[in-house]
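All remarks here apply to the structure that follows.
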Amino acid sequence: MTSSTKLIDSRVNRRFRRLTLNTVIVLYFLIMVGGVVRSTGAGMGCPDWPKCFGSWIPPTEASQLPLNYKEIYGAKLKGEVIFNPVKTWIEYVNRLCGAATGVLIFITLLASTPYLKSNRKSFFRYSLLAFLLVGFQGWLGSKVVSSELHPVMITLHMLLAIVIVFILIYLFIRSSYSAEKDGKEIKNKSVIDKITILVLSLSLIQILLGTQVRETMDEVIRSLGYSERAEWIAALGIPFYVHRSFSILVLVSNVFWINKINHSIEGESRIKQMGKGCLAILGLEILTGIVMAYFGVPPFAQPVHLTLAIIMIGLQFMMWLLMNANQLSWSNDIVKLSKDLV
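Residue numbers (full-length UniProt numbering): 1 to 342.
Encoded structure:
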């Protein structure tokens with residue numbers, strides 16, 4: 001490889017790596033904004049899609065709406081026929097963030113096209129998959145609105161967001177790191193692999209249980225109203241207690257898993273550092289859960305609780321990728337790239 005080719009390849013890889021990282025960050029921000037939408041009850045702040053109250057720029061006061069807007073949108077507004085500009089703009093900002101994420105992923109796809117001429121064509125394929133899934137996610141978002149926040153649609157919306165996060169994390173790791181082979185063997189790796197898959201599965205189940213709790217809370221809110229926040233948790237019933245009890249299993253499994261990793265890798269390691277991060281995030285997530293349970297479900301706690309859960313499962317997935325770098329198809333690509341650029 002000539003020096004000019006090396007320079008171009010280095011620039012392409014550096015640009016692509018930065019884009020994937022920025023896209024992951026923006027996607028996490030979008031998930032947090034989505035949590036704000038749910039926590040404030042703004043999911044139907046715009047009762048139609050893709051427009052909002054029939055306009056591309058939503059209104060800021062009721063006088064900007066048709067005189068008969070209550071008859072037109074009343075059913076979709078779940079009985080909240082008094083126009084609420086705050087909820088409308090929260091939902092609209094959520095849509096703008098979703099559109100910005102789509103644009104950023106499209107730019108990432110464009111940045112991956114140079115890899116079509118190399119032996120790292122999978123960079124383009126996974127970027128294309130992420131772009132197509134974001135488009136599908138947008139369509140699914142429209143169905144969430146048209147179905148008037150149907151629980152199944154909301155759960156599918158969340159699952160797809162996690163899949164997109166995983167794809168982008170995969171691309172970031174693939175374009176950033178080589179295998180964890182700096183003279184440090186991972187002892188009992190087959191056992192740790194199985195525990196890692198179990199931990200990832202438990203984290204995913206806990207997130208899905210959380211969506212069930214949130215769906216039950218929507219029903220409680222409709223019944224009790226926003227003025228009775230202190231009574232919401234008591235009215236949640238079995239879904240909440242299952243979610244709360246399952247958190248103990250998630251905590252124990254993560255502590256056991258991280259401890260196993262720490263004893264299986266000698267010296268300092270990126271994987272071990274990520275493990276500490278997982279435990280810190282898990283601790284904060286449990287703390288926000290306690291705050292919601294005992295302090296009347298403050299609006300700020302719900303989106304933070306959700307975002308921390310997605311960050312944690314993302315870190316767990318990163319650790320799994322790094323631990324299995326030498327078995328995955330991207331390992332040789334990264335090692336070869338590192339040698340070529342030296």
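We put the CB at the ideal spot given by N, CA and C, even for glycine.
{"Query": "Coil, strand or helix - Ser118 by DSSP", "Result": "coil"}
{"Query": "Contacts around Met32, its chain only, beta-carbon distance under 8 angstroms, and the 5 residues preceding and following it disregarded", "Result": "Pro303, Val304, Leu306, Thr307"}
{"Query": "Asn84 at chain D interface by Cβ criterion, 7 angstroms", "Result": "No chain D appears in the structure shown, which is made up of a single protein chain."}
{"Query": "Arg174, buried or exposed, once every other Cβ within 10 Å from all chains shown has been counted against 16", "Result": "buried"}
{"Query": "Cβ-based neighbour list, Arg229, same chain, cut-off 7 angstroms, excluding 5 preceding and 5 following", "Result": "Gly296, Val297"}
{"Query": "Euclidean distance between Cα positions of Phe106 and Gly35", "Result": "24 angstroms"}
{"Query": "Best match in Gly54, Gly41, Met318 for proximity to Ile197 [C-alpha to C-alpha]", "Result": "Met318"}
{"Query": "Simplified DSSP state of Ser55, which is helix, strand or coil", "Result": "strand"}
{"Query": "Residue 349, buried or exposed, once every other Cβ within 10 Å from all chains shown has been counted against 16", "Result": "Residue 349 is absent from the structure shown; the chain starts at 1 and stops at 342."}
{"Query": "Local conformation of Gly102 per DSSP, three classes", "Result": "helix"}
{"Query": "Coil, strand or helix - Val297 by DSSP", "Result": "coil"}
{"Query": "Same chain, Cβ closer than 7 angstroms to Ile310, neighbours up to 5 away in sequence not counted", "Result": "Tyr28, Ile31, Ile162, Val165"}
{"Query": "Beta-carbon gap between Pro239 and Ser39 smaller than 7 angstroms", "Result": "no"}
{"Query": "Beta-carbon proximity check, Ser176 vs Arg17, cutoff 7 angstroms", "Result": "yes"}
{"Query": "Cα-Cα separation between Phe53 and Leu140, rounded to whole angstroms", "Result": "19 angstroms"}
{"Query": "C-alpha distance - Pro47 paired with Lys143, whole-angstrom precision", "Result": "12 angstroms"}
{"Query": "Alpha carbon of Tyr226 to alpha carbon of Trp232, nearest angstrom", "Result": "9 angstroms"}
{"Query": "Assigned exposure category for Ile258 - 16 Cβ within 10 Å defines buried", "Result": "buried"}
{"Query": "Beta-carbon proximity of Ala280 to Val291, cut-off 7 angstroms", "Result": "no"}
{"Query": "Check: Arg18 C-beta below 6 angstroms from any heavy atom of the ligand ZN", "Result": "Ligands in the displayed structure: none, and consequently the ligand ZN is not present."}
{"Query": "Anticipated Cβ contact below 8 angstroms, Phe172 with Leu21, distance rounded", "Result": "5 angstroms"}
{"Query": "Pair within 7 angstroms by beta-carbon distance, Thr88 and Pro58", "Result": "yes"}
{"Query": "Coarse secondary structure for Cys278, derived from DSSP in three states", "Result": "helix"}
{"Query": "8 angstroms CB neighbourhood of Phe123 in its chain, flanking five on each side removed", "Result": "Phe16, Ser112, Tyr115, Leu171, Arg174, Ser175"}
{"Query": "Residue environment, Leu67, which counts as buried when at least 16 other CB atoms sit within 10 Å", "Result": "exposed"}
{"Query": "Outcome for Val86 when other beta-carbon atoms lying within 10 angstroms are tallied against a minimum of 16", "Result": "exposed"}
{"Query": "Anticipated Cβ contact below 8 angstroms, Met312 with Ser203, distance rounded", "Result": "6 angstroms"}
{"Query": "CA-to-CA distance, Ile286 to Leu96, given in whole angstroms", "Result": "30 angstroms"}
{"Query": "Endpoints, the alpha helix (DSSP H) within which Asn188 is located", "Result": "From DSSP, Asn188 is part of no alpha helix (DSSP H); its letter is neither H nor E."}
{"Query": "Whole-angstrom C-beta distance between Ile221 and Gly41, which should lie under 8 angstroms", "Result": "6 angstroms"}
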